[in-house]
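A short worksheet on the structure shown next.
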Amino acid sequence: MKKVFNEKEWTDVESKTTSNYSKSKTLAEKAAWDYVNNSGEVKYKLTCINPTLVVGPMLHDVAGASATIIKKFMNYEMPAVPALSLGIIDVRDVAAAHIIAMRNPKTDGERILLTTVPALYFKEMGEILHKEFSKQGYYVPWIQVPYAFLWLYSFFDVEAREVLSRVGPRLQYDNTKAKELLGIELIEPSESLISMAYSMIERGMIPKKSGYKKRSAE
Numbered sequence: 000m001k002k003v004f005n006e007k008e009w010t011d012v013e014s015k016t017t018s019n020y021s022k023s024k025t026l027a028e029k030a031a032w033d034y035v036n037n038s039g040e041v042k043y044k045l046t047c048i049n050p051t052l053v054v055g056p057m058l059h060d061v062a063g064a065s066a067t068i069i070k071k072f073m074n075y076e077m078p079a080v081p082a083l084s085l086g087i088i089d090v091r092d093v094a095a096a097h098i099i100a101m102r103n104p105k106t107d108g109e110r111i112l113l114t115t116v117p118a119l120y121f122k123e124m125g126e127i128l129h130k131e132f133s134k135q136g137y138y139v140p141w142i143q144v145p146y147a148f149l150w151l152y153s154f155f156d157v158e159a160r161e162v163l164s165r166v167g168p169r170l171q172y173d174n175t176k177a178k179e180l181l182g183i184e185l186i187e188p189s190e191s192l193i194s195m196a197y198s199m200i201e202r203g204m205i206p207k208k209s210g211y212k213k214r215s216a217e
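Laid out in structure tokens, this is it:
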């Protein structure tokens, strides 16, 4: 039976396969809960929104973790992709979730997993971007690399080593609480990925190819 991730889960910060980035997020949230739960007579209200991979249109030209992944796809920095899956959530939904949570007392004291389901494999992300941008001169990788090759490559590449432990079956998420408490209709992952790529091109984070066509305003 496949494990389904929900709000009861916490990242194992002691695991050797947990990245420093993931550790920092987990330790920060635990510190926040500890402060609220031990604040004495002063009672604070806390809601934690826990998004998966945040994508969507950019408001700046600083490449964070999510933008770096899209950049590698669009610049063909990966000749093939690992059998790795991630939950996807649009930045516009993340913003809306925070506003709703601040206004809705039913979210007080809750951890809320914010993600679309199902999670997408890198192969599927590549296929979405390839379909949209291949005719504009971008070659986006979508072929999945065999595990054996990735395992051998991990001896020479740090990033491949970090990814190796996460390769496998599609991640399963339960976003029931987000739907019930926030009541928002989540943006489709394909739209989020495509809009992020376009915004990155317009901001100069990804080179414009000769065949590039600016996306028309909707």
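Mapping of the sequence shown onto numbering that gives the first Met the number 0: position 151 corresponds to residue 150, and the numbering continues sequentially without gaps.
All C-beta atoms, glycine included, are put in the ideal place defined by N, C-alpha and C.
Looking at ILE193, LYS2, ALA96, GLU76, the one whose alpha-carbon comes closest to that of ILE127 is ILE193. Look at the beta carbons and you see the segment 157 to 173 not touching the segment 57 to 68: under three pairs across the two are nearer than 8 Å. Put simply, the backbone Cα of ILE111 is about 6 Å away from that of ALA177.
Setting aside the 5 residues that flank it on each side, SER84 is surrounded in the same chain by ALA118, LEU119, TYR120, ARG169, LEU170, each with a C-beta closer than 7 Å to its C-beta; the list follows chain order. Between the segment 90 to 102 and the segment 51 to 63 there are three or more C-beta pairs closer than 8 Å, enough to call the two in contact. For PRO188, no beta strand (DSSP E) run applies; the uninterrupted alpha helix (DSSP H) run containing it begins and ends at 188 to 201, by DSSP.
DSSP places SER84 in the strand class (E or B) of the three-state scheme. Counting along the chain, ARG110 sits inside the beta strand (DSSP E) bounded by residues 110 to 113. Here the segment 3 to 13 does not lie against the segment 69 to 83, with fewer than 3 beta-carbon pairs under 8 Å apart. Annotated three-state conformation of LEU26 is helix, per DSSP. Straight-line measurement puts the Cα of PRO81 at about 12 Å from the Cα of GLU161. Per DSSP, reduced to three states, the secondary structure at TYR211 is coil, with no helix or strand assignment. A distance below 7 Å between beta-carbons, with the five flanking residues on each side excluded, links GLY136 to the following residues of its chain, in chain order: LYS208, SER209, GLY210, TYR211.
Under DSSP, no beta-bridge partner is assigned to PHE121.
One thing to note: ALA100 has its Cβ no nearer than 7 Å to the Cβ of THR51. About 6 Å separates the beta carbon of ILE205 from that of ASN74, a gap short enough to meet the 8 Å contact definition.
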